[in-house]
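The structure under discussion appears below in the form of structure tokens.
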Amino acid sequence: TSNSPPYQGGAKSAMDSLHAETQTTSNSPPYQGGAGGGFNSLKLPKNPIQRLGIIHSFPDWIIEMWLEQLGETETEQLCEWFNISPSIDLRINPLKSSIDRIETSFKSQKILTSRIPNLPQALRINSSTGAIQNLPGYSEGWWTIQDSSAQLVTHLLDPQPGETIIDACAAPGGKTTHIAELMQDTGTIYACDKTANRLKKLKENADRLQMKSIQIRTGDSRNFPEFIDLADRVLLDAPCSGLGTLHRRPDARWHHTPENIQQQSQLQSELIANAATFVKSGGVLVYATCTIHPLENERVVRSFLSNNPRWQIEPPTIDLPVKPSPEGWVKVWPHRHQMDGFFMVRLKQF
2 TSNSPPYQGG AKSAMDSLHA ETQTTSNSPP YQGGAGGGFN SLKLPKNPIQ RLGIIHSFPD
62 WIIEMWLEQL GETETEQLCE WFNISPSIDL RINPLKSSID RIETSFKSQK ILTSRIPNLP
122 QALRINSSTG AIQNLPGYSE GWWTIQDSSA QLVTHLLDPQ PGETIIDACA APGGKTTHIA
182 ELMQDTGTIY ACDKTANRLK KLKENADRLQ MKSIQIRTGD SRNFPEFIDL ADRVLLDAPC
242 SGLGTLHRRP DARWHHTPEN IQQQSQLQSE LIANAATFVK SGGVLVYATC TIHPLENERV
302 VRSFLSNNPR WQIEPPTIDL PVKPSPEGWV KVWPHRHQMD GFFMVRLKQF
């Protein structure tokens with residue numbers, strides 16, 4: 002079937018035929034997304050894969066993958082969550098300001114905010130703001146935009162002042178600058194990425210936040226032999242399908258296929274094996290993705306551990322807003338935790 006068109010998902014094709022049916026059998030308006038539109042007058046399939054795909058506009062293979070992990074009730078909750086507008090979270094820069102000060106300055110402009118438990122730098126905006134760059138403290142580097150679950154990754158890494166850290170897939174640099182904040186901008190952070198344009202964004206952010214400890218390296222992290230055995234800690238925020246952030250990029254659900262997830266998983270396995278060589282004996286490697294597909298997460302980690310017996314999962318010892326699994330990794334489900342979908346695990350070399 003090499004000449005077949007790109008996979009669009011059963012839900013999309015089913016949607017088209019249902020749409021045609023509504024045009025001829027009811028006076029319903031065209032499909033508008035979500036559970037509304039013409040669905041009330043239609044007999045939906047009993048099969049939960051097809052039914053949820055049609056109602057919530059997802060390809061069958063994604064629904065099936067979530068059903069296997071969550072069951073029907075929670076899969077529906079997750080679909081609903083991904084079809085609402087995302088919230089905006091800020092990460093406060095403790096080197097320049099404080100969460101109390103920023104809350105006060107936002108309140109004076111009638112902007113509602115709330116804190117996220119166990120994430121000391123996270124502040125969620127709960128009202129409309131206008132242009133973000135006009136908010137108090139933006140140009141002064143008091144804060145940056147970063148979802149709570151992405152902030153969680155750096156707390157799991159737990160960088161310490163004066164250490165040498167490698168951020169292996171760093172652009173656009175949200176986690177890189179967070180590492181610098183937690184290290185009090187001391188030590189050295191090597192921020193690598195092969196995309197020069199995205200590294201430019203990292204440099205702009207580092208300059209706005211006035212970070213001095215970040216050294217930018219352009220190139221594929223697999224091509225830096227000088228990093229071998231160099232770092233106290235390595236962060237691999239691996240390129241992934243982004244299936245945990247579908248509320249931010251709704252079209253992505255139609256752009257991925259089971260085949261390219263398999264390719265992503267292969268690349269991620271190569272990247273984690275390489276990133277592990279950068280870690281000093283006794284050091285830490287954090288593997289993270291913004292996807293909730295087991296092939297890109299649990300399978301990559303299990304495969305790495307089976308090939309590298311000197312490495313083990315080190316479950317988090319700090320209080321986090323998301324409880325680790327029995328295996329020791331942290332999986333953020335958006336509908337449960339009210340933040341982007343993420344997977345993260347802390348590995349230690351013994």
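Adding 1 to a residue's 1-based position in the sequence shown gives its number in my numbering.
Don't be surprised by glycine CBs; every beta carbon is placed ideally from N, CA and C.
Contact under 8 Å by Cβ, residue i with residue j
| i | j | result |
| --- | --- | --- |
| Gln-152 | Ala-123 | yes |
| Ile-229 | Phe-279 | yes |
| Asn-206 | Thr-178 | yes |
| Lys-176 | Asp-233 | no |
| Arg-218 | Thr-145 | no |
| Pro-259 | Trp-62 | yes |
| Gly-142 | Leu-210 | yes |
| Glu-299 | Ile-262 | no |
| Leu-45 | Arg-52 | yes |
| Gln-269 | Val-301 | yes |
CA-to-CA distance, residue j to residue i, given in whole angstroms
| i | j | result |
| --- | --- | --- |
| Ile-50 | Ser-242 | 20 Å |
| Gln-110 | Pro-87 | 22 Å |
| Gln-185 | Ile-103 | 19 Å |
| His-294 | Cys-193 | 25 Å |
| Arg-116 | Ala-253 | 30 Å |
| Pro-137 | Thr-130 | 11 Å |
| Thr-74 | Glu-328 | 24 Å |
| Asn-308 | Phe-351 | 14 Å |
| Ala-277 | Ile-112 | 43 Å |
| Ile-100 | Leu-158 | 22 Å |
| Gln-33 | Arg-125 | Reliability fails at Gln-33, whose pLDDT of 42 lies under 50, so the model's placement of it is uncertain and the value that follows must be treated cautiously. Roughly 29 Å between the two C-alpha positions. |
| Ser-326 | Glu-182 | 28 Å |
| Arg-347 | Asn-119 | 18 Å |
| Arg-337 | Leu-71 | 11 Å |
| Gln-134 | Ser-98 | 17 Å |
| Lys-213 | Lys-204 | 11 Å |
Whole-Å CB distance - residue i paired with residue j, under 8 Å assumed
| i | j | result |
| --- | --- | --- |
| Lys-195 | Asp-221 | 5 Å |
| Ser-149 | Asp-90 | 5 Å |
| Cys-291 | Leu-237 | Rounded, the Cβ-Cβ distance is 13 Å, inconsistent with contact. |
| Gln-216 | Thr-246 | Actually they do not touch by this definition, with Cβ atoms about 28 Å apart. |
Proximity to residue i [Cα-Cα], best of the options
| i | options | result |
| --- | --- | --- |
| Leu-286 | His-156, Ser-58, Ile-93 | His-156 |
| Trp-1 | Lys-332, Arg-249, Lys-324, Pro-121 | Past the boundaries of the shown model lies residue 1; the chain is included only from 2 to 351, so the question cannot be answered. |
| Val-323 | Thr-246, Pro-316, Lys-332 | Lys-332 |
| Leu-244 | Trp-255, Ile-319, Gly-283, Leu-183 | Trp-255 |
| Lys-349 | Phe-343, Gly-342, Pro-316, Asp-320 | Pro-316 |
| Asn-275 | Gln-263, His-257, Leu-231 | Leu-231 |
| Asn-94 | Pro-121, Leu-79, Ile-85, Gln-78 | Pro-121 |
| Asp-320 | Arg-303, Val-302, Val-154, Pro-310 | Val-154 |
| Leu-272 | Arg-303, Ala-239, Ala-289 | Ala-239 |
| Gly-227 | Pro-251, Lys-213, Tyr-191, His-257 | The amino acid at residue 227 is misidentified as Gly; the sequence shows Glu. Cα-wise, what sits closest to Glu-227 is Tyr-191. |
| Ile-56 | Ile-166, Thr-76, Glu-69 | Thr-76 |
Limits of the beta strand (DSSP E) - the one that residue i falls within
| i | result |
| --- | --- |
| Leu-203 | Not the beta strand (DSSP E): Leu-203 falls in the alpha helix (DSSP H), residues 197–209. |
| Phe-343 | 343–350 |
| Ser-58 | Run containing Ser-58: none; DSSP gives neither H nor E here. |
| Lys-281 | 280–290 |
| Ser-222 | It is not in any beta strand (DSSP E) - Ser-222 carries neither H nor E in the DSSP assignment. |
Bounding residues of the alpha helix (DSSP H) (the contiguous stretch that carries residue i)
| i | result |
| --- | --- |
| Thr-76 | 73–83 |
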